[in-house]
Amino acid sequence: MTDAPATPRAQRRQAVSDLKRQMILDAAERIFQQEGLDGAHMRAIAREAGYTVSALYKYYASKEEIYADLLAASLDRLHASVEGATSADVAPALRLRSRAHGFFDFYLAHPRELDLGFYLFRGLQPLGLNPQLDARLNQRLADSLTGMQADMQALGLPEADALRETTALFAHATGVLLLVHTGRIRMFGQQGPALFDTYLDGLIARIPSPASPP
43 MTDAPATPRA QRRQAVSDLK RQMILDAAER IFQQEGLDGA HMRAIAREAG YTVSALYKYY
103 ASKEEIYADL LAASLDRLHA SVEGATSADV APALRLRSRA HGFFDFYLAH PRELDLGFYL
163 FRGLQPLGLN PQLDARLNQR LADSLTGMQA DMQALGLPEA DALRETTALF AHATGVLLLV
223 HTGRIRMFGQ QGPALFDTYL DGLIARIPSP ASPP
């Protein structure tokens, strides 16, 4: 038995609810940027969104729940950038390069998304997110990396080696991005995208093809 279609009135109520929730999320992100997650308060978020605190609690039980929704949406955008950057009918090396650039370029263009992804609004610690919620968000991030691991396996790496190289790729990309967004890269006289391209070139070059002798 299928659910009955929503009535126009119910659709309008849902649209209004979605709009209010988005206004809360937008307001919370501004407060998190100004105060950090630890310094932010529900009262400040409500004021920024133009709501009373009691109205805010109808949508979210805590600022951590708001933060988790912001981060989940950010990770969904990251995943779309990674997977939208490639095609299934190209060679694994090209897929790997495209996916890696989808990841790097997304955070290069959106530094606030990097803040969200690494809990930088609260000093690198995911405090306040319960283990189940933290695990679910971590899985969303991992989903954006599994394609790269699969590409490395298609190039000939065993699963364990591909996982290790994916971890190293992730670490290199985020490290370069942090240098770029903090301005620290200037002390080395380097350019972030060029550094990342050099790393990718080396990674792909050292992966043996399936036909290569051991």
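One gets our numbering by counting positions in the sequence shown from 1 and adding 42 to each. Beta carbons are placed, not taken as given, at the ideal position from N, Cα and C, and that holds for glycine. Every value quoted in this text rests on a predicted model; they were computed, and no experiment measured them.
By alpha-carbon distance to residue 155, the top candidate from 53, 205, 74, 84 is 74. Residue nearest to residue 143 within the set 218, 87, 72 is 218 (criterion: CA-CA distance). Ranked by how close their Cα comes to the Cα of residue 88, the residues 177, 123, 65 have 65 in first place.
Judged by pairs of C-beta atoms under 8 Å, the region 201-211 does not touch the region 102-110, as fewer than three such pairs exist.
DSSP assignment within the region 200-254 yields no whole beta strand (DSSP E) run of 3 residues or more. Residue burial annotation: residue 194 is buried, with at least 16 other C-beta atoms found within 10 angstroms of its C-beta. Note on the region 67-151: whole alpha helix (DSSP H) runs with a minimum of 4 residues are 84-91, 95-98, 105-126, 134-151, in chain order. In the pairwise beta carbon analysis, the region 110-121 is classified as touching the region 174-182: at least three pairs are separated by under 8 Å.
If you compare the alpha carbons of 50, 221, 122 with that of residue 234, the shortest gap goes to 221. Rounded to whole angstroms, residue 186 and residue 70 show a C-alpha spacing of 25 Å. Sequence-distant partners of residue 121 (beyond 5 residues in either direction) whose C-beta falls short of 8 Å from its own C-beta, in its chain, are 182, 185, 186. Short of 8 Å from the beta carbon of residue 48, and not among the five residues preceding or following it, lie these beta carbons of its own chain, in chain order: 56.
With a contact defined as Cβ atoms closer than 8 Å, residue 211 and residue 245 qualify at about 7 Å. Short of 7 Å from the beta carbon of residue 95, and not among the five residues preceding or following it, lie these beta carbons of its own chain, in chain order: 84, 85, 88. When only Cα atoms are considered, residue 104 and residue 125 end up about 32 Å apart.
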